Each structure stands twice: as C-alpha cells, then as structure tokens.
Amino acid sequence: MDAATCTYTATLLDPHYKVACVQNVLDSLVPALLKDENRKFIYVEQAFFQRWWRQQSDSIKDTVKGLVSSGQLEFIFIKEEFGQIPRIGWQIDPFGHSAVQAYLLGAQVGFDALYFSRIDYQDHKRRKGTKELEVVWRSSKTFGSSADIFTGIFPGGYEPPTGEFYFEIGAESPVVQDDPLLFDYNVEERVNAFVAAALAQLPKTSLSSSRAPPDHAIVRTGAALRH
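Under the UniProt record's numbering, the first residue of the sequence shown carries the number 1, and numbering increases by one thereafter.
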C-alpha cells in the first residue's frame, strides 16, 4: 500500500504535509504494523518521510528500524539510515521502457523483480489473453541470464481491482460499515468482493498458459489523487 497517494505533490509546504494527511498516515503506521507482524507497508515519498523522521523520538526511531529489519516496512531510500537495500522495484506510471532500464535495475542495482503498469495497450491486451503478464525480461544478450529480471505487469492498470475499493470520503466505492447493529452492515460482503477481485486477476498473470495460477497477487490501493 502506498501512503503517498494521500497527496499528489512532493513539496514540503506545511499545507500539503499536514492537511493532506501525510503526517497522520505516518503516525498511525507504526502502531498498525506492530499489531500484526504479517502486515507489510511500502512507503515511497522520502521527502515526507525524512521530515517526519526528524520529529520522532529515539524510541520511535528504534521501533521503526526494527520494522525495517523484519521486512514489514520498506522504502526506496533506506541504505544510509537502515543498512538495507530494496530487492523489488515497482513503477506505477512510467511512459515507456527499454532494455537499458531492465539492465540497470537488474544487473546493476540488483533487483530481483520489477513491476509496472503502463505498456502499449495492444501488447497489454495480447499478454492478458495469453497469460504472459509475468515474464523474465532478458535485457542483454551479452550478459545473458545474469542480466535477467523477473517482471510483472499489472493486469488492470494501477487502480484497485474493479475500481471499487477506494477509502476516501465521497468516493464512489461502497462505504464499509463495520457496526453489526446497523442495517447496512456489509463487512462480509466487502471482504468477499475484495477477495473475489484479487482471485480474478490471478489467472491473467501466469508465466505460461499451461501453468497454474500463482499463489500471490499484487493488489493496488489508491491511484492518481486517490487513496
């Protein structure tokens, strides 16, 4: 989940840091991860995170370092402060790709995998039909398999599955009502819809048409100007 979708701009002006809820997202992130060790969170906007980091106590910093060490919290910029290096990269909205890009991220940076959304619409349609949205991208004939990088293309753009799972006030998605005493209680229905949407995308991503659907699915939350 990308908390940076809570705001569109990367400026450090106070109105965007506070009003756009970036500070609250980060404040609530640490206790949320501590409640369940199975939870994971990927945070992107380092300008906001570094500003938040400078305001934290030594105790909170130690807790966050523990979450990074365990793999629950991941960043793009973490090596200097935490001594960790990302292994997987995702690019939500790049306009174009090249073999050099795959070579740099795979052979040079050392990524194990790369995920992105945008490719030519005709190529996307064909790959979706042939279940080739996941591929091993060979970026260099010279370097052979040493420059390979596992690559996944999102099956439905970069929005949540079916566009039904936005959580902002006023969004067109159904509101989750978690009070069982109210007439419109719908937690079970919303959970089932979410699971069904995630499962529906699995058969579209297999490496070959003969391979069984994978066990894991990347589910996007948020989009441009949405969360």
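Glycine included, every Cβ here is placed at the ideal spot set by N, Cα and C.
Treat the numbers as computed from the prediction; the structure is a model and nothing was measured.
Less than 8 angstroms between the C-beta atoms of residue 64 and residue 25, yes or no? Start at 1 with the first residue of the sequence shown, and residue 64 comes out as number 64. Start at 1 with the first residue of the sequence shown, and residue 25 comes out as number 25. No, the pair does not count as a contact, with Cβ atoms beyond the cut-off.
Does DSSP put residue 16 in a helix, a strand or coil? Along the sequence shown, one-based indexing puts residue 16 at 16. Below a pLDDT of 50, predicted positions are generally treated as unreliable, and residue 16, at 47, falls in that range; no measurement from the model is reported.
Burial state of residue 143, where buried means 16 or more other Cβ atoms lie within 10 Å: What you label residue 143 is simply residue 143 of the sequence shown in a count that begins at 1. Per the 10 Å Cβ criterion, exposed.
What residues in its chain sit with their C-beta under 8 angstroms from that of residue 110, if we drop five residues either side in the sequence? Residue 110 sits at position 110 when you count from the first residue of the sequence shown. Only 85, 87 meet the Cβ criterion.
Below 8 angstroms between beta carbons: does that hold for residue 187 and residue 176? Position 187 of the sequence shown holds residue 187. Position 176 of the sequence shown holds residue 176. In contact: residue 187 and residue 176 (Cβ atoms closer than 8 angstroms).
Express the C-alpha separation of residue 131 and residue 202 in angstroms, rounding to a whole number. For the purposes of this step, residue 202 is taken as residue 202 along the sequence shown, with counting starting at 1. For the purposes of this step, residue 131 is taken as residue 131 along the sequence shown, with counting starting at 1. Whole-angstrom Cα-Cα distance: 9 angstroms.
Sequence-distant residues of its chain with Cβ nearer than 6 angstroms to residue 113 (five each side left out): Taking the sequence shown and counting its residues from 1, the one referred to as residue 113 is at position 113. Contacts found: 88, 150.
What whole-angstrom Cβ distance do residue 161 and residue 198 have, given they're in contact under 8 angstroms? Indexing the sequence shown from 1 puts residue 161 at position 161. Indexing the sequence shown from 1 puts residue 198 at position 198. Indeed they touch by this definition, with Cβ atoms about 6 angstroms apart.
Count the other CB atoms, across all protein chains shown, that sit within 10 Å of the CB of residue 80; report buried if there are 16 or more and exposed otherwise. If you number the sequence shown from 1, residue 80 lands on position 80. Residue 80 is exposed by the Cβ-count criterion.
Buried or exposed: which applies to residue 43, given that a residue is buried once 16 or more other Cβ atoms fall within 10 Å of its Cβ? Translated into positions along the sequence shown, residue 43 becomes position 43. Buried, since its Cβ has 16 or more Cβ neighbours within 10 Å.
Can you round the beta-carbon distance between residue 164 and residue 193 to whole angstroms, since I take them to be within the 8 angstroms contact cut? Indexing the sequence shown from 1 puts residue 164 at position 164. Indexing the sequence shown from 1 puts residue 193 at position 193. That belief holds up - the Cβ atoms of residue 164 and residue 193 are roughly 7 angstroms apart, short of 8 angstroms.
Run through DSSP, which three-state label would residue 158 get? For the purposes of this step, residue 158 is taken as the residue at position 158 of the sequence shown. Reduced to three states, the DSSP call for residue 158 is strand.
Taking the beta carbon of residue 92 as the centre, do at least 16 other beta carbons fall within 10 Å, making it buried, or is it exposed? Mapped onto the sequence shown, residue 92 falls at position 92. So residue 92 ends up on the buried side.
Give the straight-line distance between the Cα atoms of residue 104 and residue 90, rounded to the nearest whole angstrom. Here residue 104 refers to the residue found at position 104 of the sequence shown. Here residue 90 refers to the residue found at position 90 of the sequence shown. When rounded, the distance between both Cα atoms is 14 angstroms.
Please report the distance separating the alpha-carbon of residue 121 from that of residue 61. Locating residue 121 in the sequence shown gives position 121, where the first residue counts as 1. Locating residue 61 in the sequence shown gives position 61, where the first residue counts as 1. Roughly 44 angstroms separates the two Cα atoms.
In this structure, what does DSSP give as the bridge partners for residue 71? The count along the sequence shown starts at 1 and reaches residue 71 at position 71. For residue 71, which the question treats as bridged, DSSP gives no partner whatsoever.
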